[in-house]
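Heads up, the thing below is written out as structure tokens.
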């Protein structure tokens with residue numbers, strides 16, 4: 008039972024992360040910097056406790072994956088700023104799932120049978136339909152898509168980088184806790200460069216506040232590592248993706264966004280389709 012509670016840490020951590028980041032009016036760059044600082048501090052503590060072996064290859068690969076994360080997370084924060092947590096996060100989660108799936112198929116050639124291809128294609132279609140449904144909004148007597156193409160573009164590009172962040176270590180077979188510290192160093196290095204390139208004043212209070220954002224992300228990341236070690240990739244992956252439920256519904260309730268019964272129907276149905284797609288994908292892992 009305890010390991011399933013640990014497996015819920017990614018659900019809560021990654022679900023509340025974008026909500027925490029937007030409790031205060033910080034810029035995406037400040038959100039990124041605060042999150043990265045906290046992630047590095049957390050990584051140093053884990054490294055001190057666990058002392059994992061870090062090779063030159065694992066350091067370089069994990070460092071690069073951290074850079075990919077920074078670009079992806081910055082764009083995700085920008086997508087949220089241009090819309091809302093409830094609108095951007097289903098798109099982000101859904102497109103990351105699709106991106107990781109396409110990468111697994113094209114690079115790792117995971118779908119070897121006709122049955123696997125059919126299940127995989129159905130899963131991807133369900134996820135994409137679910138993503139679109141969560142963005143529906145009632146206007147007058149009509150239901151229309153409320154998310155602009157601009158936001159879709161930002162979030163999809165974000166998902167591209169976040170997918171690279173996930174698969175880079177897989178490509179070079181770098182696994183375990185040796186990933187965390189060099190990855191966090193890459194994250195913070197890139198975040199500092201992004202903030203320096205912006206050449207505008209940074210609010211220390213905003214950056215400090217977003218240390219909580221980073222703590223939420225770090226706890227989720229640790230929970231995912233621990234759950235995967237015991238439950239395996241398929242089960243822990245499926246459970247973790249329920250973070251879309253927390254982010255979407257939590258974002259609506261915490262930021263007091265009014266939704267009609269019909270809008271709630273589309274949002275909840277969209278989330279359900281995404282989760283069904285996730286379960287189908289987990290069957291193929």
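In the numbering used here, the protein residues as written are 8 to 292. Just so you know, even glycine gets a beta-carbon here, dropped at the ideal spot from N, CA and C.
Item                                                                                                                                                                                              : Value
For the candidate residues 38, 285, 66, whose alpha-carbon lies nearest to that of residue 187?                                                                                                   : 66
Among 33, 180, 213, 29, which has the Cα closest to the Cα of residue 115?                                                                                                                        : 180
When the Cβ atoms of the region 87-102 are set against those of the region 128-145, are three or more pairs found closer than 8 Å?                                                                : yes
What are the partner residues of residue 144, as DSSP defines its beta bridges?                                                                                                                   : 151
Spatial neighbours of residue 83 within its chain, please: C-beta separation below 6 Å, excluding the five flanking residues on both sides.                                                       : 99, 165
Using a 10 Å radius around the Cβ and a threshold of 16 neighbouring Cβ atoms, would you call residue 14 buried or exposed?                                                                       : buried
If you follow the alpha helix (DSSP H) that residue 211 is part of, which residue opens it and which one closes it?                                                                               : 211-216
For residue 49, I'd like the list of residues in its chain whose CB is within less than 6 Å of its CB, leaving aside the five on either flank, ordered along the chain.                           : 225
Should residue 178 be labelled buried (16 or more other beta-carbon atoms within 10 Å of its own) or exposed?                                                                                     : exposed
Taking 8 Å as the threshold (C-beta atoms), are residue 184 and residue 53 in contact?                                                                                                            : yes
Is the distance from the Cβ of residue 238 to the Cβ of residue 10 below 8 Å?                                                                                                                     : yes
Whether or not the region 106-122 and the region 262-276 are in contact is what I'm after, with contact meaning three or more pairs of Cβ atoms, one per stretch, closer than 8 Å; do they touch? : no
Helix, strand or coil: how does DSSP classify residue 262 here?                                                                                                                                   : coil
Compare the C-alpha of residue 57 against each of 245, 269, 233 and name the closest.                                                                                                             : 233
How is residue 51 classed by DSSP in three states: helix, strand or coil?                                                                                                                         : helix
Report the three-state DSSP secondary structure of residue 93 (helix, strand or coil).                                                                                                            : helix
What would DSSP say about residue 249, mapped onto helix, strand or coil?                                                                                                                         : coil
For residue 37, which three-state DSSP category applies?                                                                                                                                          : helix
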